[in-house]
Amino acid sequence: MDATQLLAQASDVVAAADPAGLMPARQQMALSLGWHIILACFGVAFPAIIFVMHLRGIRKNDPVALNLAKRWGKVSAVLFAIGAVSGTVLSFEMGLLWPGLMGSFGDVLGLPFAFEGLAFFLEAIFLGIYLYGWGKMPPKLHLLMVLPMAITGVIGTYCVLAVNAWMNAPVGFDIVNGEVVNIEPWAVLFNQHAFLAFAHMWLAAYMVVGFSIASVYAVGMLKGRRDRHHRLGFMVPFAFATIAALAQPLAGHFLGHDLAERQPAKLAAFEYADETADGATPLTIGGFYIDGEVKWAIEIPYLSSVASLNSFTEPVPGLDQIPEEDEPPVNFTHYSFQTMIGIGLLLLAAVALYWFLRWRRLDLLKNKWFLRFMAITGGLAMIAMEAGWIATEVGRQPWIVYGVMRTTEAAADHSAGLWWMYGGSVVLYGGMTIAAIVILRSMARRWREGAADLPSPYGPKQLAAEGPAEARDRTDEEEGALESTGSKETAK
1 MDATQLLAQA SDVVAAADPA GLMPARQQMA LSLGWHIILA CFGVAFPAII FVMHLRGIRK
61 NDPVALNLAK RWGKVSAVLF AIGAVSGTVL SFEMGLLWPG LMGSFGDVLG LPFAFEGLAF
121 FLEAIFLGIY LYGWGKMPPK LHLLMVLPMA ITGVIGTYCV LAVNAWMNAP VGFDIVNGEV
181 VNIEPWAVLF NQHAFLAFAH MWLAAYMVVG FSIASVYAVG MLKGRRDRHH RLGFMVPFAF
241 ATIAALAQPL AGHFLGHDLA ERQPAKLAAF EYADETADGA TPLTIGGFYI DGEVKWAIEI
301 PYLSSVASLN SFTEPVPGLD QIPEEDEPPV NFTHYSFQTM IGIGLLLLAA VALYWFLRWR
361 RLDLLKNKWF LRFMAITGGL AMIAMEAGWI ATEVGRQPWI VYGVMRTTEA AADHSAGLWW
421 MYGGSVVLYG GMTIAAIVIL RSMARRWREG AADLPSPYGP KQLAAEGPAE ARDRTDEEEG
481 ALESTGSKET AK
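Quick note on numbering: full-length UniProt numbering labels position 473 of the sequence shown as 473, and the sequence is numbered without any gaps.
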């Protein structure tokens with residue numbers, strides 16, 4: 001048999017193993033979801049942070065707080081607009097990239113996706129009312145416009161999380177003679193696993209948004225802007241991030257408490273359990289899984305069993321009990337999981353240290369090293385969340401619907417058009433990233449120069465009614481007072 005025949009047979013084996021559309025579909029979903037999920041976090045958590053800041057401004061007659069709430073509303077609008085584009089792309093990708101999944105289970109998943117779309121449109125409506133309501137609505141009524149934004153953001157995200165939870169723990173259907181029958185769409189929405197998965201993601205969203213906003217004001221303070229505007233802009237989101245960081249380990253523990261029964265291969269990859277131990281499984285840090293064995297790792301006795309199974313004696317089921325064809329990419333899954341855990345614990349330690357020293361009457365906001373660390377916490381929180389999603393999704397492989405449909409069964413048989421779509425998406429997301437950075441930096445620059453109202457991202461640097469010097473000299477308190485005047489007069 002010559003080399004040409006060998007190559008032809010090898011190509012046939014590869015084609016039989018993986019459909020042509022599998023690789024571009026995976027690359028496309030990784031790009032789209034990894035990019036969009038950051039914006040989804042702001043849709044979930046930002047409205048609540050804005051609400052608290054706006055409420056403080058009304059109750060304490062605080063123009064600085066009102067000014068911050070107004071500015072954050074405009075930032076939220078920019079992020080929402082960009083997220084609308086990436087979310088629209090995702091809605092088409094499910095059917096284009098995974099025809100096997102949607103063709104078989106479209107009726108099962110239709111209800112949560114429909115509710116997610118409805119929540120998105122409602123959030124857009126109330127965001128518009130909030131943005132244009134400054135000075136035109138009674139203050140308390142205007143404030144209440146934020147609540148539907150927060151609620152619809154949570155509902156939409158829950159619906160998406162319910163679909164993902166269903167992919168990890170499928171319910172609400174039967175398969176008879178190869179056909180999906182006895183469909184119960186409500187079972188997808190009210191799957192017990194969906195509530196736990198949402199709680200974990202909900203807290204992650206507050207960590208991402210809280211630390212990201214706080215990091216912006218930490219950078220400002222490092223540059224010498226240590227006024228009340230920056231301190232308040234730091235403290236409110238930092239308080240939200242603190243609560244989320246402290247609660248997140250508990251939520252993650254409850255989410256994974258039955259993982260040994262639901263997805264033993266994923267848990268074994270998380271914990272680097274290459275074989276089922278005779279007693280408690282140690283926690284494995286670092287190392288590499290090579291030829292069925294974990295090498296060069298650091299082990300801490302008992303801790304894996306304690307964290308995963310609440311037991312000092314029961315072992316974590318090892319990969320030796322998993323058929324090779326059902327194993328996930330072990331090293332990638334393990335390091336993604338440990339990246340999430342490591343960063344999460346680092347952020348928890350940072351917030352705990354801050355509040356402990358504040359209780360001891362020491363202000364870390366005067367410490368440059370603390371501010372430098374806080375300046376990178378937004379990025380760290382994003383990395384931790386992305387790593388957590390990689391661990392969840394890669395750890396579920398080779399299943400797209402766990403135990404029911406393999407990922408290879410869901411992908412398309414063609415690839416040429418999908419690679420072109422992937423290339424177009426890279427250009428689209430790259431362009432939107434650059435546009436978001438340019439617009440937000442432009443807004444921040446003009447705010448620092450004294451502009452109170454930004455009619456468009458490319459508007460003039462100063463208000464038409466003011467000269468450049470007047471605009472620069474006006475304080476944040478005066479801006480907030482001007483912004484709230486219309487609402488107060490309406491209330492009178």
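Virtual Cβ for every residue (Gly too), placed ideally from N, Cα, C. Small disclaimer: the values here were computed from a predicted structure and weren't measured.
Within the same chain, show all residues whose beta-carbon is closer than 6 Å to that of residue i, passing over the 5 residues directly before and after it, in chain order.
i      : result
Leu283 : Ile300, Leu303 and Ser304
Ala65  : Met53, Arg56 and Gly57
Ala45  : Ala205, Tyr206 and Val209
Trp296 : Gly287
Thr281 : Ala273, Ser304, Ser305, Pro315 and Val316
What number of angstroms, rounded off, separates the C-alpha of residue i from the C-alpha of residue j?
i      : j      : result
Gly279 : Gly252 : 24 Å
Ala273 : Ser311 : 16 Å
Glu423 : His414 : Residue 423 is actually Gly in this sequence, not Glu. Looking at the two C-alpha atoms, the distance is approximately 16 Å.
Ala387 : Pro138 : 44 Å
Thr276 : Met149 : 48 Å
Ile383 : Tyr217 : 20 Å
Phe113 : Gly210 : 27 Å
Leu68  : Phe240 : 16 Å
Gly405 : Gly100 : What sits at residue 405 in the sequence shown is Met, not Gly. Rounded to the nearest angstrom, the two C-alpha atoms are 9 Å apart.
Ser288 : Asn331 : A small correction: the amino acid at residue 288 is Phe; Ser does not occupy that position in the sequence shown. Taking the straight line from one Cα to the other gives about 6 Å.
Ala159 : Leu111 : Looking at the sequence itself, residue 159 is Cys, so the reference to Ala does not match. Their Cα atoms are separated by approximately 9 Å.
Trp166 : His230 : 43 Å
Ile49  : Val208 : 12 Å
Thr408 : Leu90  : 20 Å
Ile298 : Glu271 : 12 Å
Gly344 : Thr433 : 26 Å
Ile322 : Ala269 : 11 Å
Ala194 : Asn164 : 8 Å
Leu440 : Pro19  : 42 Å
Asn182 : Leu109 : 14 Å
Gln338 : Gly286 : 8 Å
Glu470 : Trp369 : Caution is warranted here: a pLDDT of 43 is assigned to Glu470, below 50, making its placement in the model unreliable, and the coordinate value is therefore given only provisionally. If you take the alpha carbons of Glu470 and Trp369, they lie about 35 Å apart.
Phe254 : Thr313 : 19 Å
Phe126 : Ala436 : 22 Å
Ile213 : Phe238 : 8 Å
Thr157 : Leu250 : 21 Å
Leu33  : Leu259 : 24 Å
Glu449 : Val294 : 57 Å
Would you mind working out which of the options sits nearest residue i, comparing C-alpha positions?
i           : options                           : result
Gly179      : Leu111, Ser215, Gly103 and Gln192 : A small fix is needed here, since residue 179 is Glu in this sequence, not Gly. Considering only alpha carbons, the answer is Gly103.
Ser336      : Ile390, Arg231, Leu364 and Glu261 : Ile390
Leu22       : Ile400, Val404 and Arg446         : Ile400
Phe120      : Thr152, Gln27, Leu109 and Trp98   : Thr152
residue 496 : Asp227, Phe373 and Leu428         : One cannot answer for residue 496 here, as it falls past the ends of the chain, which runs 1 to 492.
Arg445      : Gly34, Arg71 and Ala65            : Arg71
Ala40       : Leu357, Leu161, Tyr402 and Leu250 : Leu161
Gln248      : Pro47, Val351 and Gln397          : Val351
Trp447      : Lys74, Ile155 and Phe238          : Lys74
Met340      : Thr392, Ile38 and Leu353          : Thr392
Leu131      : Ala30, Pro47, Gly106 and Asp291   : Pro47
Ala375      : Pro185, Ala124, Val426 and Ser215 : Ser215
Ala30       : Met94, Ile155, Ala199 and Gly43   : Met94
Glu116      : Gly43, Asn177, Ala199 and Phe373  : Gly43
Tyr354      : Ile243, Leu118, Gly417 and Pro63  : Ile243
Just to confirm my understanding: we take residue i, look at its own chain, exclude 5 residues before and 5 after, and list those with CB closer than 8 Å. What are they?
i      : result
Ala265 : Leu319, Ile322, Asp326, Glu327, Pro328 and Gly395
Ile347 : Here residue 347 turns out to be Leu, not Ile, going by the sequence shown. Hits under 8 Å: Met207, Phe211, Ala241, Ala245, Thr377, Leu380, Ala381 and Ala384.
Met421 : Pro24, Gln28 and Leu96
Take residue i and list the residues in its own chain whose beta-carbon comes closer than 7 Å to its own, dropping the five residues that flank it on each side.
i      : result
His36  : Gly83, Ser86, Gly87 and Leu90
Gly256 : Ser308
Ala197 : Leu161, Asn164, Ala165 and Leu255
Evaluate contact between the stretch 170 to 190 and the stretch 215 to 232, counting only Cβ atoms and requiring at least three cross-stretch pairs below 8 Å.
no
Jot down the residue ranges of each uninterrupted beta strand (DSSP E) in the stretch 156 to 191, minimum 3 residues, whole runs only, in chain order.
174 to 176 and 179 to 181
Which runs of the alpha helix (DSSP H) at least 4 residues long sit entirely within the stretch 399 to 443? Give them in chain order.
407 to 410
Tell me, please, whether the stretch 49 to 68 touches the stretch 139 to 148 by the rule of three or more beta-carbon pairs shorter than 8 Å.
yes
Do the stretch 232 to 247 and the stretch 180 to 195 touch if we need at least three Cβ pairs shorter than 8 Å?
no
Mind the definition here: the stretch 358 to 366 touches the stretch 314 to 329 only if three or more C-beta pairs lie below 8 Å; say whether that holds.
no
Restricting to runs no shorter than 3 residues, where is the beta strand (DSSP E) found entirely within the stretch 8 to 72?
none
Start-end ranges of the alpha helix (DSSP H) lying completely within the stretch 302 to 364, minimum 4 residues
303 to 309 and 330 to 359
For the stretch 184 to 242, which segments carrying the alpha helix (DSSP H) assignment without a break, of at least 4 residues, lie completely within its bounds, in sequence order?
185 to 189 and 192 to 222
Which whole runs of the alpha helix (DSSP H) in the stretch 69 to 155 are 4 residues long or more, in chain order?
99 to 132 and 139 to 144
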